[in-house]
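Down below is the structure, laid out as C-alpha coordinates.
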Amino acid sequence: TLRRRRHILGDDHPDTLQSAHSLAITLHDVGETEEARRMDEDTHARRRRVLGDDHPNTLDSAHSLAITLHSLGETEKAHRMQEDTLRRRRHILGDDHPSTLQSAHSLAITLHNLGETEKAHRMQEDTLRRRRHILGDDHPNTLQSAHNLAITLHKLGETEKARRTDEDTLARRRRVLGDDHPDTLESAHSLAITLHQLRRYAEAAQLLEEARNRLRRTVGDDHARTVAVTESLARTWTAMGKRFAAQRLLTGQRKQAKRRLDRKKKRR
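With our numbering as the guide, the letters of the sequence shown map in order to residues 3 to 270.
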(Lines of atoms letter the chains of each structure in order from A and count residues from 1; the text may use other names and numbers.)
(Lines give C-alpha, C1' and ligand atoms only; values in the text may rest on other atoms or scores of the structure.)
Protein backbone atom coordinates (compact mmCIF):
# COMPACT_ATOMS: atom_id res chain seq x y z
CA THR A 1 0.00 0.00 0.00
CA LEU A 2 2.77 2.44 0.92
CA ARG A 3 4.65 1.75 -2.32
CA ARG A 4 1.51 2.26 -4.41
CA ARG A 5 0.53 5.43 -2.58
CA ARG A 6 4.02 6.88 -3.02
CA HIS A 7 3.83 6.13 -6.74
CA ILE A 8 0.32 7.51 -7.27
CA LEU A 9 0.00 10.26 -4.64
CA GLY A 10 3.59 11.22 -3.88
CA ASP A 11 5.75 10.96 -0.77
CA ASP A 12 4.14 13.88 1.09
CA HIS A 13 0.45 13.15 0.51
CA PRO A 14 -1.43 12.73 3.84
CA ASP A 15 -2.62 9.24 2.82
CA THR A 16 0.93 8.18 1.95
CA LEU A 17 2.16 9.46 5.30
CA GLN A 18 -0.63 7.60 7.11
CA SER A 19 0.52 4.36 5.45
CA ALA A 20 4.11 5.08 6.47
CA HIS A 21 2.99 5.81 10.03
CA SER A 22 1.06 2.52 10.24
CA LEU A 23 3.98 0.56 8.81
CA ALA A 24 6.36 2.09 11.37
CA ILE A 25 4.09 0.89 14.19
CA THR A 26 4.00 -2.61 12.70
CA LEU A 27 7.80 -2.68 12.33
CA HIS A 28 8.14 -1.70 15.99
CA ASP A 29 5.69 -4.40 17.07
CA VAL A 30 7.62 -7.15 15.22
CA GLY A 31 10.96 -6.03 16.69
CA GLU A 32 12.44 -4.21 13.68
CA THR A 33 13.07 -1.18 15.86
CA GLU A 34 15.82 0.55 13.87
CA GLU A 35 13.78 0.38 10.68
CA ALA A 36 10.75 1.66 12.61
CA ARG A 37 12.85 4.55 13.88
CA ARG A 38 13.96 5.56 10.39
CA MET A 39 10.41 5.47 9.09
CA ASP A 40 9.05 7.31 12.15
CA GLU A 41 11.65 10.06 11.81
CA ASP A 42 10.98 10.52 8.09
CA THR A 43 7.20 10.53 8.54
CA HIS A 44 7.40 12.94 11.46
CA ALA A 45 9.62 15.35 9.51
CA ARG A 46 7.32 15.25 6.48
CA ARG A 47 4.18 15.74 8.55
CA ARG A 48 5.72 18.70 10.36
CA ARG A 49 6.53 20.30 7.02
CA VAL A 50 3.22 19.48 5.31
CA LEU A 51 0.72 19.66 8.19
CA GLY A 52 2.45 21.70 10.88
CA ASP A 53 3.78 20.90 14.36
CA ASP A 54 0.38 20.88 16.08
CA HIS A 55 -1.62 18.81 13.60
CA PRO A 56 -3.04 15.65 15.26
CA ASN A 57 -1.32 13.43 12.66
CA THR A 58 2.03 15.10 13.30
CA LEU A 59 1.56 14.49 17.02
CA ASP A 60 0.68 10.85 16.29
CA SER A 61 4.06 10.51 14.55
CA ALA A 62 5.86 12.23 17.43
CA HIS A 63 4.18 9.85 19.88
CA SER A 64 5.16 6.80 17.82
CA LEU A 65 8.75 8.00 17.40
CA ALA A 66 9.09 8.61 21.15
CA ILE A 67 7.98 5.04 21.90
CA THR A 68 10.52 3.70 19.40
CA LEU A 69 13.30 5.84 20.91
CA HIS A 70 12.39 4.49 24.35
CA SER A 71 12.61 0.93 23.03
CA LEU A 72 16.08 1.71 21.66
CA GLY A 73 17.24 2.95 25.07
CA GLU A 74 17.26 6.64 24.13
CA THR A 75 15.16 7.40 27.18
CA GLU A 76 16.06 11.05 27.71
CA LYS A 77 15.31 11.90 24.08
CA ALA A 78 12.03 9.99 24.30
CA HIS A 79 11.22 11.85 27.52
CA ARG A 80 11.67 15.27 25.92
CA MET A 81 9.59 14.32 22.90
CA GLN A 82 6.81 12.84 25.06
CA GLU A 83 6.63 15.96 27.24
CA ASP A 84 6.34 18.16 24.15
CA THR A 85 3.70 15.91 22.56
CA LEU A 86 1.65 15.79 25.76
CA ARG A 87 1.76 19.58 26.10
CA ARG A 88 0.65 20.06 22.50
CA ARG A 89 -2.11 17.43 22.72
CA ARG A 90 -3.46 18.98 25.91
CA HIS A 91 -3.59 22.35 24.18
CA ILE A 92 -5.10 21.11 20.90
CA LEU A 93 -7.27 18.16 22.00
CA GLY A 94 -7.91 18.74 25.71
CA ASP A 95 -6.92 16.88 28.86
CA ASP A 96 -9.44 14.05 28.47
CA HIS A 97 -8.96 13.17 24.79
CA PRO A 98 -7.89 9.51 24.34
CA SER A 99 -4.75 10.61 22.45
CA THR A 100 -3.80 13.00 25.26
CA LEU A 101 -4.27 10.23 27.81
CA GLN A 102 -2.14 7.89 25.69
CA SER A 103 0.64 10.49 25.76
CA ALA A 104 0.33 10.82 29.54
CA HIS A 105 0.37 7.02 29.89
CA SER A 106 3.55 6.68 27.81
CA LEU A 107 5.29 9.58 29.55
CA ALA A 108 4.56 8.01 32.93
CA ILE A 109 6.28 4.78 31.81
CA THR A 110 9.35 6.76 30.76
CA LEU A 111 9.39 8.70 34.05
CA HIS A 112 9.20 5.40 35.94
CA ASN A 113 12.15 4.02 33.98
CA LEU A 114 14.13 7.22 34.61
CA GLY A 115 13.64 6.74 38.36
CA GLU A 116 11.17 9.62 38.74
CA THR A 117 8.77 7.28 40.49
CA GLU A 118 6.73 9.80 42.47
CA LYS A 119 6.11 11.92 39.37
CA ALA A 120 5.17 8.78 37.41
CA HIS A 121 2.82 7.77 40.23
CA ARG A 122 0.95 11.09 40.16
CA MET A 123 0.61 10.98 36.38
CA GLN A 124 -0.58 7.35 36.42
CA GLU A 125 -3.23 8.05 39.06
CA ASP A 126 -4.52 11.04 37.08
CA THR A 127 -4.54 9.09 33.80
CA LEU A 128 -6.30 6.12 35.39
CA ARG A 129 -8.97 8.37 36.91
CA ARG A 130 -9.60 10.10 33.58
CA ARG A 131 -9.67 6.84 31.63
CA ARG A 132 -12.15 5.32 34.05
CA HIS A 133 -14.38 8.37 33.59
CA ILE A 134 -14.06 8.56 29.80
CA LEU A 135 -13.62 4.91 28.75
CA GLY A 136 -15.02 2.92 31.67
CA ASP A 137 -13.46 0.59 34.23
CA ASP A 138 -13.14 -2.39 31.88
CA HIS A 139 -11.68 -0.74 28.77
CA PRO A 140 -8.30 -2.29 27.80
CA ASN A 141 -6.60 1.12 28.01
CA THR A 142 -8.00 1.71 31.49
CA LEU A 143 -6.77 -1.72 32.57
CA GLN A 144 -3.31 -1.01 31.14
CA SER A 145 -3.19 2.16 33.25
CA ALA A 146 -4.22 0.19 36.33
CA HIS A 147 -1.56 -2.44 35.61
CA ASN A 148 1.20 0.15 35.30
CA LEU A 149 0.03 1.93 38.44
CA ALA A 150 0.30 -1.35 40.36
CA ILE A 151 3.92 -1.74 39.23
CA THR A 152 4.74 1.79 40.41
CA LEU A 153 2.97 1.25 43.74
CA HIS A 154 5.06 -1.89 44.22
CA LYS A 155 8.25 0.06 43.52
CA LEU A 156 7.18 2.73 46.03
CA GLY A 157 6.76 0.07 48.70
CA GLU A 158 2.95 0.33 48.79
CA THR A 159 2.70 -3.42 48.42
CA GLU A 160 -0.80 -3.99 49.78
CA LYS A 161 -2.22 -1.27 47.56
CA ALA A 162 -0.35 -2.77 44.62
CA ARG A 163 -1.83 -6.19 45.45
CA ARG A 164 -5.38 -4.86 45.52
CA THR A 165 -4.87 -3.06 42.20
CA ASP A 166 -3.27 -6.16 40.65
CA GLU A 167 -6.09 -8.43 41.84
CA ASP A 168 -8.79 -6.13 40.49
CA THR A 169 -7.00 -5.70 37.15
CA LEU A 170 -6.43 -9.44 36.77
CA ALA A 171 -10.09 -10.23 37.49
CA ARG A 172 -11.27 -7.64 34.95
CA ARG A 173 -8.80 -8.75 32.28
CA ARG A 174 -9.84 -12.38 32.70
CA ARG A 175 -13.46 -11.40 32.23
CA VAL A 176 -12.92 -8.94 29.35
CA LEU A 177 -9.97 -10.47 27.47
CA GLY A 178 -9.93 -14.13 28.51
CA ASP A 179 -7.51 -16.27 30.50
CA ASP A 180 -4.96 -16.70 27.69
CA HIS A 181 -4.67 -13.08 26.56
CA PRO A 182 -1.12 -11.68 26.91
CA ASP A 183 -2.39 -8.76 29.02
CA THR A 184 -4.20 -11.13 31.39
CA LEU A 185 -1.05 -13.21 31.84
CA GLU A 186 0.94 -9.99 32.34
CA SER A 187 -1.40 -9.13 35.24
CA ALA A 188 -1.08 -12.63 36.69
CA HIS A 189 2.72 -12.29 36.63
CA SER A 190 2.57 -8.85 38.26
CA LEU A 191 0.25 -10.07 41.01
CA ALA A 192 2.49 -13.09 41.63
CA ILE A 193 5.52 -10.82 42.08
CA THR A 194 3.57 -8.74 44.61
CA LEU A 195 2.41 -11.86 46.48
CA HIS A 196 6.01 -13.10 46.55
CA GLN A 197 7.04 -9.77 48.09
CA LEU A 198 4.34 -10.30 50.74
CA ARG A 199 5.78 -13.81 51.36
CA ARG A 200 2.58 -15.45 50.16
CA TYR A 201 4.68 -17.90 48.22
CA ALA A 202 2.14 -20.68 47.67
CA GLU A 203 -0.34 -18.28 46.06
CA ALA A 204 2.41 -16.72 43.95
CA ALA A 205 3.62 -20.14 42.79
CA GLN A 206 0.11 -21.23 41.80
CA LEU A 207 -0.36 -18.09 39.67
CA LEU A 208 3.07 -18.46 38.07
CA GLU A 209 2.62 -22.15 37.29
CA GLU A 210 -0.71 -21.47 35.58
CA ALA A 211 0.66 -18.45 33.69
CA ARG A 212 3.71 -20.42 32.56
CA ASN A 213 1.59 -23.30 31.27
CA ARG A 214 -0.63 -20.92 29.31
CA LEU A 215 2.35 -19.03 27.88
CA ARG A 216 4.11 -22.24 26.85
CA ARG A 217 0.97 -23.30 25.00
CA THR A 218 0.24 -19.94 23.35
CA VAL A 219 3.65 -18.37 22.59
CA GLY A 220 6.20 -21.13 23.29
CA ASP A 221 8.94 -21.90 25.79
CA ASP A 222 11.52 -19.43 24.49
CA HIS A 223 9.30 -16.36 24.28
CA ALA A 224 10.51 -13.47 26.47
CA ARG A 225 7.34 -13.52 28.58
CA THR A 226 7.59 -17.27 29.18
CA VAL A 227 11.23 -16.91 30.19
CA ALA A 228 10.40 -14.08 32.62
CA VAL A 229 7.58 -16.05 34.27
CA THR A 230 9.78 -19.15 34.50
CA GLU A 231 12.50 -17.15 36.25
CA SER A 232 9.95 -15.70 38.68
CA LEU A 233 8.62 -19.19 39.40
CA ALA A 234 12.15 -20.44 40.08
CA ARG A 235 12.69 -17.59 42.57
CA THR A 236 9.41 -18.38 44.31
CA TRP A 237 10.18 -22.10 44.50
CA THR A 238 13.60 -21.24 45.95
CA ALA A 239 11.91 -19.09 48.61
CA MET A 240 9.66 -22.07 49.40
CA GLY A 241 12.71 -24.30 49.89
CA LYS A 242 12.32 -26.08 46.54
CA ARG A 243 15.82 -25.22 45.36
CA PHE A 244 16.50 -28.38 43.38
CA ALA A 245 13.15 -28.10 41.57
CA ALA A 246 13.94 -24.46 40.78
CA GLN A 247 17.37 -25.41 39.44
CA ARG A 248 15.90 -28.17 37.26
CA LEU A 249 13.31 -25.74 35.93
CA LEU A 250 15.94 -23.21 34.85
CA THR A 251 18.25 -25.90 33.47
CA GLY A 252 15.41 -27.38 31.42
CA GLN A 253 14.52 -23.97 30.04
CA ARG A 254 18.13 -23.30 28.99
CA LYS A 255 18.36 -26.69 27.26
CA GLN A 256 15.12 -26.08 25.37
CA ALA A 257 16.33 -22.65 24.27
CA LYS A 258 19.64 -24.14 23.07
CA ARG A 259 17.88 -26.91 21.11
CA ARG A 260 15.68 -24.35 19.36
CA LEU A 261 18.69 -22.18 18.53
CA ASP A 262 20.53 -25.20 17.12
CA ARG A 263 17.52 -26.12 14.95
CA LYS A 264 17.35 -22.56 13.60
CA LYS A 265 21.06 -22.66 12.72
CA LYS A 266 20.61 -25.95 10.83
CA ARG A 267 17.78 -24.49 8.75
CA ARG A 268 19.98 -21.60 7.52
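Beta carbons are placed, not taken as given, at the ideal position from N, Cα and C, and that holds for glycine.
Here the structure is a predicted model, which is why all the values come from computation and not from measurement.
For Glu160, no alpha helix (DSSP H) run applies, since DSSP gives it neither H nor E. With respect to Thr186, Arg201 sits apart: the two C-beta atoms are not nearer than 7 angstroms.
Taking C-beta atoms under 8 angstroms as the contact rule, Thr171 and Ala148 qualify, at a distance of about 4 angstroms. Taking 7 angstroms as the cut-off, the Cβ atoms of Gln126 and Ala152 do not count as close.
Secondary structure at Glu212: helix, using DSSP grouped into helix, strand and coil. Closest option to Thr228, judged by alpha-carbon separation, among Asp62, Ala236, Arg237, Arg214: Arg214. Here the stretch 97 to 105 makes no contact with the stretch 69 to 77; the two share fewer than three CB pairs at distances below 8 angstroms. In its chain, beyond the 5 residues on either side, His65, Asn143 have a beta carbon closer than 8 angstroms to the beta carbon of Gln104.
Per DSSP, the unbroken alpha helix (DSSP H) holding Thr119 starts and ends at 119 to 137. Counting C-beta pairs closer than 8 angstroms gives fewer than three between the stretch 114 to 124 and the stretch 87 to 95, which falls short of the contact rule.
Leu4 and Gly117 have their C-alpha atoms some 39 angstroms from each other. Counting along the chain, Met242 sits inside no alpha helix (DSSP H), nor does DSSP assign it H or E at all. One thing to note: Thr232 has its Cβ within 7 angstroms of the Cβ of Gln255. Leu67 is a Cβ neighbour of His46, given a cutoff of 7 angstroms.
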